[in-house]
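Peer 1: Structure provided below as structure tokens; questions to follow.
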Amino acid sequence: MRRFIFTRLWQTALVMLLVSFGAYVLIGLMPGDPIDLMITANPAITSADVARLKALYGLDQPLVLRWFHWLWSALNGDFGYSRLFTQPVTALIGPALINSLELMLASWALSLAIALPAGIYAALKPHSFRDYGINLAAFAGVSIPPFWLGLVAILVFAVSLHWLPAGGTGQLDDAQGWQSLRYLVLPVATLTIASVGSHIRFVRGSMIEVMRQDFIRTARAKGLSERGVVVRHALRNGMMPVVTLLGLEFGSLFSGALITETLFSWPGMGRLIYNAVIGSDYNLAMAGLMLATLVTLIGNLLADIGYKLLDPRVKLS
Amino acid sequence: MTRQNTRTGKPIPASRSASPWRLAARRFSRHKLAWISLLVLLLFAVASACAPLVAHWLGTDAQAVDLFSRYGPPSWDHPLGTDELGRDVLLRLLYGGQVSLMVGVSSALCAAVIGTFIGVIAGFRGGWLDGFLMRFTDGVISLPLLPLLIVLAAIDPGKLGIPRDVINGESFSLYRIILIIALFGWTTVARLVRAATLALREREFVLSARALGAGPGRIILRHILPNVVTPIIIATTLAVGNVILMESVLSFLGLGIQPPVPSWGNMLTHAQEFIWDAPLLALWPGLLIFITVIAVNFLGDGLQDALDPRANTDHAPATGQDDPQTAQ
Amino acid sequence: MRKFFGILLLAWATIITSTSLAKAEETLKIGISGYPETLHPAFSSSAVQSYILGFVRRQIMVYNHDWKIACMMCDTVPSFENGLAKRVPLKDGKEGVQLSLSLPENAKWGDGEPLTTQDVAFSIEVGKNEKVAVANKEVFNRIVDFNIIDDHHFTVTMDRIDYSYNAFLGVEILPAHLEKPVYDQDPATYQKRSLYVTAPDTPGLWFGPYLVKKVITASAVMLEANPYWWGEKPQITAIQLRNFENTAALEASLRSGEIDYTPGEIGLSIDKVIAFQKRFGDKYDIIYKKGLFYSHLDVNSAFAPLGDRRVRQALLYAIDRDEISQKLFAGKNTPALDFIHPDDPVFTDDVAHYPFDPAKADALLNEAGWTRTGTAMRKNAKGETLHFTLYGATESSTGQLIQQVLQNRWKQAGIDVDILNQPARVLFGETLPERKFDGLAMFGWLSAPEHLPLTILKSDQIPTAENHFEGQNYTGYDNPKVDALIDQIELELDFNKRVPLWHELQKIYATDLPALPLYHGEQGFIFPKWLKGIRPTGHMYPSSLWAEQWYRTDQ
């Protein structure tokens, strides 16, 4: 086990290194550099200004050198300065991360709270009427273009009915307690509708699989009530793939939800990373991407470990 | 990847392939929703293919701008009305369908080819290559997908040595979308195929083929691929829906297929700007995307039941478990 | 399970029905689209930044609502006539101009410290420092001398005398008492350590009718009334500027009442405002303001078919710009004759006009050797099709509508046009400066009145690899007559003598068509009925610079 974790840890480090290089090069392949963007905004700028600005941002050096430089600073805990917002990267990521976590955790919890009972409920009688109903709902949720769903939600609940705010975090209106929850409703609902379907299908699938296993038949043969079979035997085994899923999705909690955040003016990681990438803000984009990647990799690792702990039959290679 | 579900790799020995397929067809025919879905998808495909005929019949073409009849109501000349530039909505939906379905299917197929290739090699060769490829797959999966798609969609292809006159063609944005979605979409297939290949590699019919002196290429082509085709078909079907959604999201960010080439995604995106004036304009493409994606999901589900009855539905629908954050 | 859903439902109901917030009525909420890179006035000059800073800072001079130079932080605009401007010999033997200016006597920073000539001196010191990358270095390069007379009077010497010699623009006053210690530590890193960056809510950084109270990066800026403001007291005591990255969301927030107002400078595009007016015009006041926004199609003259002037003229005859204006913009965004706005004092309409005239287009194209049979695309003698690409920015949805209309018209005239939209960073960062566009590129300029198109039309401003793609003459226009005219205009101080030169320049432009004029843009402002006093300017100096005149009628 220790060896396994050790091996996976250094592999994770290697992946991180490769990903960081890849991302850096990709951002560099985007046409035009940040200075070009400034030039177009300002007809009075001169070539001397351009040279000075390029030197200031280190853009006069080759890409690989800049990457090394970035890596070295990052390893020393210095993630540098955001060009887009002229602030230290860490000062930007902090609040965005909190906003994203709030949004993502809420929708994650809600999605699971719906998916677990619904998925199990459907799995207990596969191909029954209720199974079809739940499946239909699940498929419907994942099949709606997410920005369309968000926009319709805003039109209906904010513009027409005036029930809920159209966007923002509530921070701007000095909302407190219950009031600030109102701002969460629409974005969380949008996110949940988009994600609950795949959760339901996943839970249902793994429960159906488990219910077919021999040990369930044995338990039934021993005269255990159906309820007892489900609660005592099926759930524990059926939840293992779900643990895996949670591990895989762990990273998305930290990378935010770009579309939802954009529509609801929610200043989270999704928007931050997007703006950084589009604006060639290397320091910010790299810090955001690396954080999201690292957390995802850790999530995967935890999922593997969790899987092993829950299911002694699985051997870790 | 030990957590990879090895259940999906149920090998069907090649020699007995005829009757399982017939069995599968029978099982599929019982799946009513999948049938309806298949019919709906076929209907969409045929209708899209007939777009030029419809254009001829209506006596107009999809790009004919008429500023005197913007936001026109449905009429005999324009069965679904006209859009913000007075173009026929029905025709644009049909041509958009061509593009969206084409992008969906080609992208999913490209992803399947890449995924199969990597999966088979990893599973068959094993050892360090397997380890490397799977870590690589992990790496790709762990990337925040949307920002990277955005970077790729914004990269200057000229810097990669693609000739200018190719880049400047109107349909370049179309090929670009197909390619970049495929570049990230192959991971599901790769993992499924690898798991199946791993299981197959030690099976008697493979071992005996090897003992008879068959080369690795032959074994892969004759014995492995026919037996991993089931998970590939299912994953690819589901991916089509995912790609169509993804294209609409990229369009929303201004990086999808560029007008005047219509796609359901960019029609929906443009319509949302006019949602106050002409809500129906947003309804049609939204509805078509919704119906197509849901149909694809049901079809995938039905295929799963039919082709792989015992490994019941451990695939998540279109927004698969590999990229939960994708379309949000 | 039922219990669970019951709880969920209850929570939902509680959230929905909980009374909406007691509205902070005194706060004016403004929806904008965009967020500035920095709030430091010297390091960036985007439209969003100018708009936000308009509330909290003032310019020394501005163009006013009548598009004339006016004093804001000075007493009188200097001129040779009133004696406040003087010709002075410079060290290098050339002739410069010395301007005498005086700051308002009672001007104060937001912390009560007096605003003096020391602050101006510090601002110029920062701007001139080679180690500091201010946005408009050129302005500071022109300043050769600065003299403090007393706390409120100073003279400044510029290195040349041109027709805008008396416009002392572009120097942003910085608070020496707060920023000088930071700057003196290390000018090279000043940009990162400035209080504008580290503590933008410091009152002493601002001197407008409002102060920055709180900044939520990329989301919002909150403003409150400045107790030390020496001018007219603003009636509105608090302002909130909220950034929306999606215009549909901005519109929805306006409709749902979360924001009160969206300004034309950086709010909704004109076609959105027109559509909004159709639906909700009775509930809002909507103002349109003609602006110095010139939308046009740059022609790459290096691209053979378009190098022919007749083809360029035919392209204009073949499109119906009036129809676009009428049908897409409800009569707004009227077609442009050339790059000079009709409201500009140097404008003339005595230039070539290009109304929609397919017959003329046909004749010109035939004359240029591009003939057609039936409805086929035009071909020349070599059998090549008349084909080019029309570029644009993906960000501009309005532009994309226009592109498709143009494409359709040209198709009718037998010209085969592909549309290619690129992200703005690609279009302006590479395609245009490196002149990689094989055809036309559609974009617009926002400028000041009587702005000399020096970087746009002069032949030494053609971007090439040798000059590091400097200059904005993307069309590759090279006309010695125009070069000479521009030089003449720049140095002609007498407005009456300048006007004919301007007219001559417009005539050549409209005949040669280095770029195809589309329209002069307008801005649309959506006000709630109770908000009054906002006066759009139509140029790069935003309406927020006069924010103290805004008031509401519902209180």
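Read top to bottom, the protein sequences are chains R, E and H. All the letters of the first sequence, read from the start, carry residue numbers 1 to 317 under our numbering. All the letters of the second sequence, read from the start, carry residue numbers 1 to 328 under our numbering. All the letters of the third sequence, read from the start, carry residue numbers 1 to 555 under our numbering. Just so it is clear, CB atoms sit at the ideal spot from N, CA and C, and this is done for glycine as well.
Nearest-angstrom Cα distance between residue 113(R) and residue 32(E)?
Peer 2: Whole-angstrom Cα-Cα distance: 30 Å.
Peer 1: Can you give me the C-alpha to C-alpha distance between residue 191(H) and residue 123(H), rounded to a whole angstrom?
Peer 2: Roughly 13 Å between the two C-alpha positions.
Peer 1: For the region 64-78 of chain E, list every residue whose C-beta sits within 8 Å of some C-beta in chain H, in sequence order.
Peer 2: Cβ contacts with chain H: 64, 65, 67, 68 and 70.
Peer 1: Name the DSSP bridge partner or partners of residue 154(H)?
Peer 2: Per DSSP, 101(H) and 148(H).
Peer 1: State the DSSP-derived secondary structure class of residue 446(H), mapped to helix, strand or coil.
Peer 2: The answer is strand: DSSP assigns residue 446(H) an E or B state.
Peer 1: Whose CA, out of 296(R), 309(R) and 301(R), lies closest to the CA of residue 145(E)?
Peer 2: Nearest of 296(R), 309(R) and 301(R) to residue 145(E), Cα basis: 296(R).
Peer 1: For residue 154(R), which residues in chain E fall below 9 Å Cβ to Cβ?
Peer 2: Within 9 Å Cβ-Cβ: nothing; residue 154(R) doesn't reach chain E, min ~10 Å.
Peer 1: Which residues, taken in chain order from the region 169-202 of chain H, show a beta carbon closer than 9 Å to some beta carbon of chain R?
Peer 2: Those residues of the region 169-202 of chain H that come within reach of chain R (Cβ to Cβ, closer than 9 Å) are 170, 188, 191, 192, 194, 196, 197 and 198.
Peer 1: Step through the CB atoms of chain E and report whether any lies within less than 8 Å of the CB of residue 43(R).
Peer 2: Bear in mind that a pLDDT of 48 at residue 43(R), under 50, signals an unreliable position, so the model cannot answer this.
Peer 1: Please state whether the Cβ-Cβ distance between residue 567(H) and residue 119(H) is less than 8 Å.
Peer 2: Residue 567(H) cannot be examined here, being either before or after the span of chain H that is shown, 1 to 555.
Peer 1: Using a C-beta to C-beta distance shorter than 8 Å, which residues of chain E count as neighbours of residue 397(H)?
Peer 2: By Cβ distance, chain E contributes 270 and 273.
Peer 1: When the Cα atoms are used, what is the spatial distance from residue 282(R) to residue 157(E)?
Peer 2: Straight-line Cα distance between these residues: approximately 20 Å.
Peer 1: Alpha carbon to alpha carbon, what distance is there between residue 224(R) and residue 230(R)?
Peer 2: C-alpha separation (whole angstroms): 10 Å.
Peer 1: Can you tell me whether residue 137(E) is helix, strand or coil according to DSSP?
Peer 2: Looking at residue 137(E) - three-state DSSP - the assignment turns out to be helix.
Peer 1: Kindly provide the ranges of any alpha helix (DSSP H) runs that are 4 or more residues long and lie completely inside the region 139-196 of chain R, ordered along the chain.
Peer 2: Fully enclosed alpha helix (DSSP H) runs of 4 or longer: 146-153.
Peer 1: Assuming residue 207(R) and residue 93(R) make a contact with CB atoms under 8 Å, what is their CB distance in whole Å?
Peer 2: The pair is not a contact, with the Cβ atoms about 38 Å apart (cut-off 8 Å).
Peer 1: Please say whether residue 516(H) and residue 315(H) have beta carbons closer to each other than 8 Å?
Peer 2: Going by C-beta atoms, residue 315(H) is nearer than 8 Å to residue 516(H).
Peer 1: Mind listing which residues of the region 382-413 of chain H have their C-beta closer than 7 Å to chain E's C-betas, in chain order?
Peer 2: Residues 389, 394, 395, 397, 400, 401, 404, 405, 407 and 408.
Peer 1: State the Cα-Cα distance for the pair residue 39(H) and residue 264(R), rounded to the nearest angstrom.
Peer 2: Straight-line Cα distance between these residues: approximately 24 Å.
Peer 1: Would you call the CB atoms of residue 537(H) and residue 152(H) closer than 8 Å?
Peer 2: In this structure, residue 152(H) does not lie closer than 8 Å to residue 537(H) by Cβ.
Peer 1: Closest Cβ-Cβ distance between residue 194(E) and chain R: below 8 Å?
Peer 2: No, because no Cβ of chain R sits closer than 8 Å to the Cβ of residue 194(E).
Peer 1: Quick one: residues in its chain with C-beta nearer than 6 Å to the C-beta of residue 100(E), no 5 flanking neighbours on either side, listed in chain order?
Peer 2: Excluding positions up to five away in sequence, the list reads 244, 263 and 264.
Peer 1: What runs of the alpha helix (DSSP H), each 4 residues or longer, lie entirely inside the region 380-456 of chain H?
Peer 2: Qualifying alpha helix (DSSP H) stretches, in chain order: 397-412.
Peer 1: Thinking C-alpha only, which one of 262(R), 239(R), 253(R) and 245(R) is nearest residue 249(H)?
Peer 2: Checked all of 262(R), 239(R), 253(R) and 245(R); the closest Cα to residue 249(H) is 262(R).
Peer 1: Could you check whether residue 393(H) and residue 422(H) sit closer than 8 Å to each other, using their CB atoms as the reference points?
Peer 2: Going by C-beta atoms, residue 422(H) is nearer than 8 Å to residue 393(H).
Peer 1: Have a look at residue 84(R) and residue 43(H) and give me their C-alpha separation to the nearest angstrom.
Peer 2: Distance between the alpha carbons of residue 84(R) and residue 43(H) is about 12 Å.
Peer 1: Taking the beta carbon of residue 312(H) as the centre, do at least 16 other beta carbons fall within 10 Å, making it buried, or is it exposed?
Peer 2: It is buried - the Cβ of residue 312(H) has at least 16 other Cβ atoms within 10 Å.
Peer 1: Can you tell me the Cβ-Cβ gap for residue 131(H) and residue 140(H), rounded? I've got them flagged as a contact below 8 Å.
Peer 2: 13 Å between Cβ atoms; not a contact.
Peer 1: Looking at C-alpha atoms only, which residue of 431(H), 341(H), 27(H) and 474(H) is the closest neighbour of residue 174(R)?
Peer 2: Minimum Cα distance to residue 174(R) is reached at 27(H).
Peer 1: Return the residues of the region 279-304 of chain H that lie within a Cβ-Cβ distance of less than 8 Å from chain E, sorted by chain order.
Peer 2: If the cut-off is 8 Å between Cβ atoms, the region 279-304 of chain H has 279 near chain E.
Peer 1: Have a look at residue 546(H) and residue 161(R) and give me their C-alpha separation to the nearest angstrom.
Peer 2: Approximately 36 Å between the Cα atoms of the pair.
Peer 1: Around the Cβ of residue 472(H), are there at least 16 other Cβ atoms within 10 angstroms (buried) or fewer (exposed)?
Peer 2: By the neighbour-count rule (16 or more Cβ atoms within 10 Å), residue 472(H) is buried.
Peer 1: Does DSSP classify residue 127(R) as helix, strand or coil?
Peer 2: The answer is coil: DSSP assigns residue 127(R) none of H, G, I, E or B.
Peer 1: Run down chain E in chain order and give the residues with a C-beta less than 7 Å from the C-beta of residue 166(R).
Peer 2: Within chain E, no residue comes near residue 166(R); the closest Cβ sits about 14 Å away, beyond 7 Å.
Peer 1: Got a sec: is the Cβ-Cβ distance from residue 473(H) to anything in chain E below 8 Å?
Peer 2: Judged by the 8 Å Cβ criterion, residue 473(H) is not in contact with chain E.
Peer 1: Specify the secondary structure class of residue 528(H) as computed by DSSP and reduced to three states.
Peer 2: Looking at residue 528(H) - three-state DSSP - the assignment turns out to be strand.
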